[in-house]
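Encoded as structure tokens, the structure appears first; notes follow it.
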Amino acid sequence: MAEKGSTSDQAASERCFLEWMKLQEDSQKELFQALSAIENRANSNHEEAERQLTQLVDKSIEQFQDYIDRRMQLAKNDASLFFAPVWCSTREASLLWIAGCRPTVFIRLAYSLTGYELETRMAQFLQGMKSMEDIAGELTPQQMEQLDSLQMRTIKEEERLTSELARVQEEMADQTVVGIAMRSMKEQIGIEELERALEKQDGEMVRLIQQADKLRIRTLNELTEILRPLQAVLFLAFSKKLHLSVREWGQRNDRRHGRFRNS
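Shown next, in the form of structure tokens:
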């Protein structure tokens, strides 16, 4: 029964991720379509355009929060699945930080998209758009100051959680070794001790995912509040594009090296 339950947990967790990736793909298209529409309606009502863009930003963040909530319920059954997800390519897995992406990646992407390379990047992904740089503009000094502050605070939190993860991993190794040593003396007692130690570590891993997810969503919220609506939509569109591209590249690389997955 335990093995059947574990298989069911893995299937549900993988399904949750694949549904999220499909939503990422659909959302990315919607965001880029909105950007194209704004370019085509350059002289339209500015306030109405900003309202529509803000709605898209709110929608994307709500979708991310929903995914985090669903995933957390699944992680409570088997947290380790999300630290080494079998549904990810090896490239994706190599980039994970506490079952997801580093929040500082959001900030670095925002810096690059609103900088001097914006027009070139937009031309690469949105053919036919004349000058999105003229529409989105670069970061103002106030925005730069706010982003710098957000980045410093986020780095500090990332470092704290990374240290917490290291502590949990070290304790797991210590307690596992103790459990194996005890089992060699009294088989049943050793197994029970080992299981108790691992159950405790599972709880610690769930707690770490919760804290990392809170940092991810908080960083995303603050970042999109700092950016103007058009900049925020641009950032979200490219962040989803990057996520999907990394997955595609990773799957292609796995196939090239003989590592096949059906999903």
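Terminal number for the sequence shown in UniProt numbering: 263, no gaps in between. Ideal Cβ placement from N, Cα and C applies to all residues, glycine included. Predicted model only: the values in this text are computed from it and were never measured.
Nearest to residue i (by Cα), restricted to the options the options
i	options	result
Gln-65	Arg-228, Val-233, Asp-213	Asp-213
Leu-233	Arg-252, Phe-106, Ala-166	Strictly speaking, residue 233 in this sequence is Val, with Leu absent from that position. Checked all of Arg-252, Phe-106, Ala-166; the closest Cα to Val-233 is Phe-106.
Leu-161	Ala-197, Tyr-111, Ala-99	Ala-99
Trp-20	Ser-94, Arg-51, Arg-91, Arg-71	Arg-71
Tyr-111	Asp-69, Val-168, Pro-141	Pro-141
Leu-150	Gln-55, Ile-217, Leu-242	Ile-217
Lys-156	Glu-199, Glu-171, Ser-239, Thr-219	Thr-219
Gln-63	Leu-242, Ala-12, Cys-16	Cys-16
Lys-59	Ala-84, Asp-69, Glu-30, Glu-204	Glu-30
Residue j beta carbon less than 8 Å from that of residue i
i	j	result
Gln-33	Leu-244	no
Pro-103	Glu-158	yes
Ala-79	Asp-202	yes
Ile-209	Leu-147	no
Trp-87	Leu-18	yes
Val-246	Leu-95	yes
residue 320	Leu-74	Because the chain here runs from 1 to 263, residue 320 falls outside it and cannot be looked at.
Residues near residue i by beta carbon distance below 7 Å, same chain, minus five either side
i	result
Thr-114	Ala-136, Glu-138, Leu-139, Gln-231
Asn-221	Ile-61
Val-57	Thr-224, Pro-229, Ala-232, Val-233, Leu-236
Glu-204	Val-168
Glu-50	Pro-229
Lys-200	none
Cα-Cα separation between residue i and residue j, rounded to whole angstroms
i	j	result
Ser-89	His-46	42 Å
Arg-256	Asp-174	38 Å
Trp-249	Arg-259	13 Å
Glu-195	Leu-81	17 Å
Glu-48	Glu-164	46 Å
Thr-54	Arg-252	35 Å
Met-144	Arg-108	12 Å
Arg-153	Ala-166	20 Å
Tyr-67	Gln-211	15 Å
Cys-101	Gln-52	28 Å
Ser-36	Glu-92	30 Å
Ala-197	Phe-238	42 Å
Asp-69	Ile-38	33 Å
Contact test: residue i Cβ vs the ligand NAD heavy atom, cutoff 7 Å
i	result
Arg-259	Absence of the ligand NAD is noted for the structure shown, with no ligands found whatsoever.
Contacting residues, own chain, Cβ-Cβ under 8 Å from residue i (five flanking each side not counted)
i	result
Lys-76	Val-206
Ala-12	Leu-74
Leu-215	Pro-103, Thr-154, Glu-157, Glu-158, Leu-161
Ala-84	Ala-93
Gln-124	Per-residue confidence for Gln-124 stands at a pLDDT of 49, beneath the threshold of 50, marking its modelled position as unreliable; no derived number is given.
Beta-carbon contacts of residue i that lie in its chain and below 6 Å, excluding the five residues immediately before and after
i	result
Glu-171	none
Lys-241	Gln-28
Trp-97	none
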